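**Student:** Below: one structure in structure tokens.
Protein chains: 2
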Amino acid sequence: MTQTDQIRTDVLAAASRAREAAADLATRTREQKDHALAAMADALITRTAEILDVNARDVAAAEQAGLQAGFIDRLRLDEGRVAGMAGGLRDIAGLVDPVGEVLRGYTLPNGLEVRQIRVPFGVVGIIYEGRPNVTADAAGLCLKSGNAVLLRGSSSAVVSNTAIVGVLRDAVREAGLPVDAVQLVPGEGREAVGHLMRARGLVDVLIPRGGAGLIRSVVEDSTVPVIETGVGNCHVYVDESAEVDTAVDVLVNSKARRVSVCNAAETFLVHADIADEFLPRALAALREAGVTVHGDKRVQSYDGAVVPATEEDYDAEYLSYDIAAAVVDTMDDALTHIRTHGSGHTDAIVTRSQSAARRFAQLVDSAAVMVNAATGFTDGGEFGFGAEIGISTQKLHARGPIGLPELTSTKYVVTGEGHTRG
Amino acid sequence: MTQTDQIRTDVLAAASRAREAAADLATRTREQKDHALAAMADALITRTAEILDVNARDVAAAEQAGLQAGFIDRLRLDEGRVAGMAGGLRDIAGLVDPVGEVLRGYTLPNGLEVRQIRVPFGVVGIIYEGRPNVTADAAGLCLKSGNAVLLRGSSSAVVSNTAIVGVLRDAVREAGLPVDAVQLVPGEGREAVGHLMRARGLVDVLIPRGGAGLIRSVVEDSTVPVIETGVGNCHVYVDESAEVDTAVDVLVNSKARRVSVCNAAETFLVHADIADEFLPRALAALREAGVTVHGDKRVQSYDGAVVPATEEDYDAEYLSYDIAAAVVDTMDDALTHIRTHGSGHTDAIVTRSQSAARRFAQLVDSAAVMVNAATGFTDGGEFGFGAEIGISTQKLHARGPIGLPELTSTKYVVTGEGHTRG
């Protein structure tokens, strides 16, 4: 058997084991799942030293490879971060189990009882970059929603992820749940991911979490259904009727609270009728927050520090202390700009006009529309979901933060007394 | 420009027009949409002669090409069938508008109001085979759910579909809605479909409706998200505790009511403890209904007319007067058989045991599970949806009959008073 064949065989074998585990997991009660989540949290705490020990090897390799300091910081675990992972699992145990929820239920005229019931997907594949804590989060959310998970983290974290998954699996086994409910995808490199993406029938859904390149490649090459997450070119539109203090606060908070996240604002648009009042204060506040503004000619005319914007700036997801800006003559121009350049993640309006708010909310075709609120609120934690696996920017199945209910499918159960169809 | 480039340009231009139309349609009220649906129905009636005239050309071409009589019958329109299409559109006008429904709504501790609201997908592509009446159904369902539709029927019906779409578009225009909300995909042949499948960003979802080959090719080649419909290898499991009369009725009705539909039974499994009582009567009843049984050795032992079954029989979606059959020693064996061979469409149990019913409903991983009811009840009309565009056998987004709500996405609208995130 060639190495290529071996990788394929290993990936499909892992997926088959996951499928078996999923069939078992689907029948388990909330009590059993919460017990396992608590055991997983306890095990992370008990075996922290072991995890930190191997994590140091990932960190050393990353340093040796000359990777960026920010990346290495995210890769590095310490006692607090492992405790945070354990706390996350305990929080998930506290969430309502979505499985079994009756979404619709009614009796047909012929007496048949129809129930649409939430059920687990079965096998979920999660492909992610960056922090090893995603490993525990993803395993916990999938287990709670009754899904077996196939985890594929970044190659830089493979030693840490292997250790974390080992600890979690031991706890799952001891808690009496099927151990293959939590697995790493075997095999290194892109080839293994390719086999995962083509394991239609074995894997029910793939969720890529990471940069635009990763997500695009999964969306284009996968025959397994995908929930696309996270590219965010978010806009703040300051309407002519906006309260200026509010608009400045919402804009600066949307941009500068954290710049590396998908719900950060990347462009703002201001109505021409309020530009004279709004822009000098907004540009000063952004400068004070360390933000470089890339503006059109009209924005530039207010402040010499504004950098000329290109079309690329309006398409950019900077994830940095940069923001694009333009003055628009009408709200329709703002809507057209957002439709042309937006990524369908989150767009905000600041306005005092009820009718402008209503129209903007109706016409902006994004996962979330904020009215007089910062873009950063698009977040599973903020929405009260307790935890999220990412933010979906696609329209199929889940749009917005992906919490436990979004990790489920449904099934109709129809009950009769020997009913036959005429 | 080569012909290939021209087809691509034409398809993408149609999709872009659909996008524009969808942005307009998303803002229209139920009143406006229902008015257009009524106008579409009226136009079909008024212009019936014109439609029948061109349909005769499709029928003549199909006859000349020597296509099967059943196919030609489905292709042929008459006054009654056109009236049926018009009636279908009026029925859709009578259904509740899914757009605007608030699925979740709550106020966060910080005072932010979160609303998850049903919104149209935007642009829906429907690729279908067979009957021209699907053209009117699909157009009506998409328009009612606020979606622009790109329709791609079979090449044998292209003249009829062009005429029907022409009539519908005239009515849409006269009703004051955007005419490009209803379009045929331009260009003949598979190439145009290929461009449609890769129009990610312009087309929001594709729904293939037809044979297994069509569906597989769309699922594998599409970068646009797909809702997979319809392959049905449906099972009837007769539990040891089944009431035998009920079991025979449910089985025969599941198989023989209509054999060409995806919700017809293709295999039955019977518990060994009831085989002696059940099989002689079931085999006689099936024979009387004209059904050939392909059975394992144990089934064969009851009746010389039973044909030996191969593994292929258990995987087959016959869509004919054939059914595979096997005796199982336990319900677990039945569950394993269904997991191995089923297509996740509809599976039924006949039982008097509450606990067997509960266990079967929980462990069978299909879009619908029937308890003491025939498989044929998995149907949008039977479920009270009023109309359906197909039956989804995938787990993402929609599972089971696809009615109006399944043709929508959602959007979060979050309203504050200048809320910023800490």
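Going line by line, the protein sequences match chains A and B.
Numbered per the numbering used here, the first sequence finishes at 422, counting up by one with no gaps.
Numbered per the numbering used here, the second sequence finishes at 1422, counting up by one with no gaps.
Every residue gets a Cβ at the ideal spot worked out from N, C-alpha and C, and that includes glycine.
Bear in mind that the values here come from a model prediction, so they are computed numbers and not experimental data.
#1: Closer than 8 Å is the cut-off here; do at least three beta carbon pairs connect the segment 31–38 of chain A with the segment 166–177 of chain A?
#2: State yes or no: is the beta carbon of L1143 of chain B nearer than 7 Å to at least one beta carbon in chain A?
#3: Residues of chain B with CB under 7 Å from M370 of chain A, in chain order?
#4: How would you list, in chain order, the residues of chain A whose beta-carbon sits under 8 Å from the beta-carbon of D1365 of chain B?
#5: Going by alpha carbons, who is nearest to Y106 of chain A out of B:L1396, B:T1408 and B:E1382?
#6: Compute the Euclidean distance between the alpha carbons of Y1412 of chain B and A1061 of chain B, then round it to the nearest angstrom.
#7: Does DSSP put C262 of chain A in a helix, a strand or coil?
#8: Between which residues of its own chain and V1350 of chain B is the CB-CB distance below 8 Å, once the five residues before and five after are set aside?
#9: Using only the alpha-carbon positions, how far apart do L1396 of chain B and Q394 of chain A sit?
#10: Have a look at L1037 of chain B and I1092 of chain B and give me their C-alpha separation to the nearest angstrom.
#11: For A1324 of chain B, does the three-state DSSP call read helix, strand or coil?
#12: Please list the residues of the segment 388–403 of chain A that have a C-beta atom closer than 7 Å to any C-beta atom in chain B, keeping them in chain order.
#13: For L206 of chain A, which of helix, strand or coil comes out of DSSP?
#14: Any residues in the segment 1190–1221 of chain B with a beta carbon nearer than 7 Å to a beta carbon of chain A? Which ones, in chain order?
#15: Taking 7 Å as the threshold (beta carbon to beta carbon), is T1223 of chain B in contact with chain A?
#16: Which class does T1229 of chain B belong to by DSSP, given the choice of helix, strand or coil?
#17: Of all Cβ atoms in chain B, is any one closer than 7 Å to the Cβ of N147 of chain A?
#18: Just mark A181 of chain A as buried or exposed, buried being the case when its beta carbon has 16 or more other beta carbons within 10 Å.
#19: In terms of residues, what are the limits of the beta strand (DSSP E) holding Q1116 of chain B?
#20: Tell whether a beta-carbon distance below 7 Å holds between T135 of chain A and G146 of chain A.
#21: State yes or no: is the beta carbon of F268 of chain A nearer than 7 Å to at least one beta carbon in chain C?
#22: With a threshold of 16 other CB atoms inside 10 Å of the CB of T267 of chain A, please say whether the residue is buried or exposed.
#23: Report the neighbours of T1420 of chain B on chain A: residues whose CB is nearer than 7 Å to its CB, in chain order.
#24: In the DSSP output, which residue or residues are listed as bridge partners for Q1509 of chain B?
#25: Taking Cβ to Cβ, would you say P401 of chain A is nearer than 7 Å to G376 of chain A?
#26: Closer than 9 Å, Cβ to Cβ, to anything on chain A: give me those residues from the segment 1350–1363 of chain B, in chain order.
#27: Are E317 of chain A and V185 of chain A touching if we call contact CB-CB under 7 Å?
#28: If contact means a Cβ-Cβ distance below 7 Å, which residues of the segment 268–282 of chain A contact chain B?
#29: Check each candidate in A:G125, A:G390 and A:P109 and name the one with the smallest Cα separation from V261 of chain A.
#30: Can you list, in chain order, the residues of its chain with a C-beta nearer than 7 Å to that of A1015 of chain B? Leave out the 5 residues immediately preceding and following it.
#31: Does the segment 210–226 of chain A come close enough to the segment 127–134 of chain A to have 3 or more Cβ pairs within less than 8 Å?
#32: Examine chain B for any beta-carbon lying closer than 7 Å to the beta-carbon of F377 of chain A, and answer yes or no.
#33: Per DSSP, what kind of secondary structure is R490 of chain A in: helix, strand or coil?
#34: Taking 7 Å as the CB-CB cut-off, is V1114 of chain B touching chain A?
#35: So, V224 of chain A versus A272 of chain A, is the Cβ gap smaller than 7 Å?
#36: Is D1347 of chain B helix, strand or coil when you go by DSSP?
**Tutor:** So, from the listed chains and residues:
#1: yes
#2: no
#3: V1414
#4: A23, A26, V119, G122 and K411
#5: B:E1382
#6: 51 Å
#7: coil
#8: V1236, Y1237, V1238, D1239, A1242, E1243, T1246, A1247, V1250, L1251 and N1372
#9: 12 Å
#10: So the alpha carbons of these two residues sit roughly 8 Å apart.
#11: strand
#12: Q394, K395, L396, H397, R399 and G400
#13: When secondary structure is reduced to three states using DSSP, L206 of chain A falls in the strand class.
#14: D1204, V1205, V1219 and E1220
#15: yes
#16: DSSP places T1229 of chain B in strand when its eight states are reduced to three.
#17: no
#18: buried
#19: E1113 to P1120
#20: No, they are not a contact pair.
#21: The structure shown has no chain C; the protein chains it does contain are A and B.
#22: buried
#23: D249, V250, N253 and A374
#24: Since the first residue of chain B shown is 1001 and the last is 1422, residue 1509 of chain B is not available in this structure.
#25: no
#26: V1350, A1357, R1359, A1361, Q1362 and L1363
#27: no
#28: none
#29: A:G390
#30: V1123, L1150, A1199, L1202 and V1203
#31: yes
#32: yes
#33: Residue numbering for chain A in the displayed model covers 1 to 422; residue 490 of chain A lies beyond these limits and cannot be assessed.
#34: yes
#35: no
#36: strand
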